[in-house]
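Okay, so here's the structure we're looking at.
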Amino acid sequence: LTKIMCDAMNRDIFNVLFGGMNNAPVAKGTDDGPKEHTETNVAAVAELIANAREVLVVPGYGMAMARAQTAMGDMASMCRSNKINLKFGVHPVAGRMPGQMNVLLAEAGVPHEW
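Start counting the sequence shown at 15; every next residue gets the next number (the working numbering).
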């Protein structure tokens with residue numbers, strides 16, 4: 015699958031596994047000063063999710079590194095059983111290899127349709 019996806023993206027498999035893609039130089043310009051920052055905590059995020067009707071989870075490399083796919087699958091099942099429409103927005107090449115997030119979520123028992 016990885017080789018097929020690399021061919022479709024016109025990228026070398028070595029570049030996908032060990033390199034970056036289209037690394038652009040840092041943009042130069044004026045800084046507008048400090049940005050606003052809002053801190054949160056686990057309880058506040060849990061309350062936001064519990065009160066939501068729809069939730070979109072965009073898993074990435076951090077989920078893979080933390081091996082959190084099972085916890086995400088459990089959370090998705092819990093949300094769905096409480097009538098919260100939770101979906102996963104998986105980019106086809108998220109992670110280090112094409113299809114990595116789909117495989118991790120499938121290992122956790124998350125249906126592909128979610």
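Glycine included, C-beta positions come from ideal geometry on N, C-alpha and C. Remember, predicted model here, so these are calculated numbers, not experimental data.
Here's a check: name, in chain order, each residue in its chain whose Cβ is nearer than 7 angstroms to the Cβ of Glu83, leaving out the five neighbours to either side.
Looking at the sequence shown, residue 83 is not Glu but Gln. Excluding residues within five positions, the ones whose Cβ falls inside 7 angstroms are Met77, Leu118, Leu119, Glu121, Ala122.
Report the residue from Arg81, Thr44, Asp21 whose alpha carbon sits nearest the alpha carbon of Gln114.
The option with the nearest alpha carbon to Gln114 is Arg81.
Is the region 66 to 76 close to the region 90 to 104, with three or more CB pairs under 8 angstroms?
Verdict: yes, contact present.
Using a threshold of 7 angstroms, state whether the C-beta atoms of Val124 and Gly74 are closer than that.
For Val124 and Gly74, no; Cβs fall outside 7 angstroms.
So Pro101 is in the beta strand (DSSP E); what residue range does that whole segment cover?
Looking at the sequence itself, residue 101 is Lys, so the reference to Pro does not match. Start and end: 99 to 102.
Mapping the DSSP letters down to three states, classify Val117 as helix, strand or coil.
Here Val117 sits in helix by DSSP.
For a test of the three-state rule: what should DSSP assign to Glu68, helix, strand or coil?
Looking at Glu68 - three-state DSSP - the assignment turns out to be strand.
If you draw a straight line from the alpha carbon of Val71 to that of Ala58, how long is it in whole angstroms?
Computed Cα separation, rounded: 17 angstroms.
For Lys17, which of helix, strand or coil comes out of DSSP?
Here Lys17 sits in helix by DSSP.
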